Each structure stands twice: as C-alpha cells, then as structure tokens.
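Counted from 1, the sequence shown has number 47 at position 48 by numbering that gives the first Met the number 0; the numbering is strictly sequential.
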Amino acid sequence: MLKNNDFIKEPSKKETILKNLNELFVSRAKFYAFFDENIAKIKGDIFDFENAEALNVKKVYERFYHFDYAIRKLLPSVYSAYEIKDSDLSKDF
C-alpha cells in the first residue's frame with residue numbers, strides 16, 4: 000500500500016544548494032541591515048564604528064549566528080564539489 004510520503008520527491012542537490020545560497024543571502028542582508036539601522040556611515044559607504052553607539056551584543060550575535068549557520072550549511076557542498084577533505088584545511092583559524 001502506498002503512503003502519502005511515497006510521492007514526495009527529495010530535492011535535488013542543486014535545489015538544496017540554491018535553497019542554502021538564498022538563505023545565506025537573506026541572512027547576510029539581515030546582518031548588514033542591522034548595521035545600517037544602528038551605525039551611521041561615513042560618506043554613505045563605510046560604517047562609522049568609532050562614533051557608533053554601543054550595540055546590544057546579544058542582537059549582534061543573533062544576526063551573526065544566522066549568517067554563520069547559513070555559510071556552514073553550504074560547506075559540505077563546496078567541499079564535495081572541489082573534493083576538499085578535512086585534512087586539506089590548514090586549521091590555523
């Protein structure tokens with residue numbers, strides 16, 4: 000007997016990577032939007048960190064965490080595409 004989930008198609012690797020890329024771009028945009036809302040810019044281009052008010056560290060971390068998580072979700076696909084092994088990385092970070 001067939002079940003409802005027998006007809007559910009698993010996303011292709013490309014679809015998964017595209018989803019992860021889009022999530023990365025959204026997270027990045029939110030991260031920078033937070034800065035735009037809270038930090039003035041010098042000549043409209045560069046964040047003026049020296050004259051910025053102190054930011055809520057928890058809110059900064061929350062934005063960074065989502066951005067970082069989106070990047071980490073993509074790494075397995077990048078490693079696979081370029082045949083990168085864990086031992087290939089310098090690990091000096």
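The beta carbon of each residue, even a glycine, is placed where N, CA and C say it ideally should be. For clarity, every value in this text was computed on a predicted model and none was experimentally measured.
Asked: Helix or strand or just coil, what does DSSP make of I45?; Found: strand
Asked: Roughly how far, in whole angstroms, is the beta-carbon of F66 from the beta-carbon of S11, given that I think they are within contact range, below 8 Å?; Found: F66 to S11, Cβ: 25 Å. No contact.
Asked: Express the C-alpha separation of V77 and I83 in angstroms, rounding to a whole number.; Found: 8 Å
Asked: Could you tell me which of A39, N55 and V56 sits nearest to E49, measuring between CA atoms?; Found: A39
Asked: What's the gap between the Cα of E14 and the Cα of N21?; Found: 10 Å
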